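K.L.:
The following block contains the structure, expressed as structure tokens.
Laid out in structure tokens, this is it:
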């Protein structure tokens, strides 16, 4: 959470896995990164989201069988898994980064994912990397 205690969330998503509405982000400051396919989720982009101040990062991908590009979701899951190990290694807690299979039509579940992520920050706390820059 940033200085004014409003959690900062960065959300990476496939065009086919999420349709943004403002009410989904009640209680947080959000930045969304739209991609043609979740396979474009790169390790460095996930890490840079934390460097830029995100308290949590969520990646929304299509179902494994629903991906138009065959293995985009699978590739994204592997990259998220790798970055989670890096977060644990540097003491940032891998629970700050999560990936979910969604469909754009399932806005109720997506809102629940976002709200659960915000709630988890009450336990995890703000991004510890920001303390090093202040």
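In my numbering, the protein residues as written are 112 to 245.
All C-beta atoms, glycine included, are put in the ideal place defined by N, C-alpha and C.
Keep in mind that this is a model prediction, so the values were computed, not measured.
(1) Taking the alpha-carbon of residue 136 as reference, which of 162, 235, 225, 236 has the nearest alpha-carbon?
(2) Look up residue 212 in the DSSP assignment and give the residues it is bridged to.
(3) Just to confirm, is the Cβ distance from residue 187 to residue 168 under 8 Å?
(4) Alpha carbon to alpha carbon, how far is residue 122 from residue 227?
(5) DSSP three-state label for residue 161, please.
(6) How many Å lie between residue 134 and residue 141 at the Cα?
(7) Measuring straight from C-alpha to C-alpha, what distance separates residue 211 and residue 231?
(8) Measure the beta-carbon distance from residue 120 to residue 235 and round it to whole angstroms, keeping in mind my assumption that it falls under 8 Å.
(9) Residue 218: which of 146, 165, 130 sits nearest, CA to CA?
(10) Sort out for me which residues DSSP pairs residue 120 with in a bridge.
(11) Give the straight-line distance between the Cα atoms of residue 195 and residue 184, rounded to the nearest whole angstrom.
(12) Roughly how many angstroms separate the alpha carbons of residue 127 and residue 203, rounded to a whole number?
(13) Please list, in chain order, all residues of the same chain as residue 193 whose beta carbon is under 7 Å from its beta carbon, the five residues on each side excluded.
P.N.:
On the basis of the coordinates in this document:
(1) 225
(2) 172
(3) For residue 187 and residue 168, no; Cβs fall outside 8 Å.
(4) 14 Å
(5) helix
(6) 11 Å
(7) 15 Å
(8) Their Cβ separation, rounded to whole angstroms, is 12 Å, which puts residue 120 and residue 235 out of contact at 8 Å.
(9) 130
(10) Looking at the DSSP assignment, residue 120 forms a beta bridge with 141, 167.
(11) When only Cα atoms are considered, residue 195 and residue 184 end up about 16 Å apart.
(12) 30 Å
(13) Excluding residues within five positions, the ones whose Cβ falls inside 7 Å are 154.
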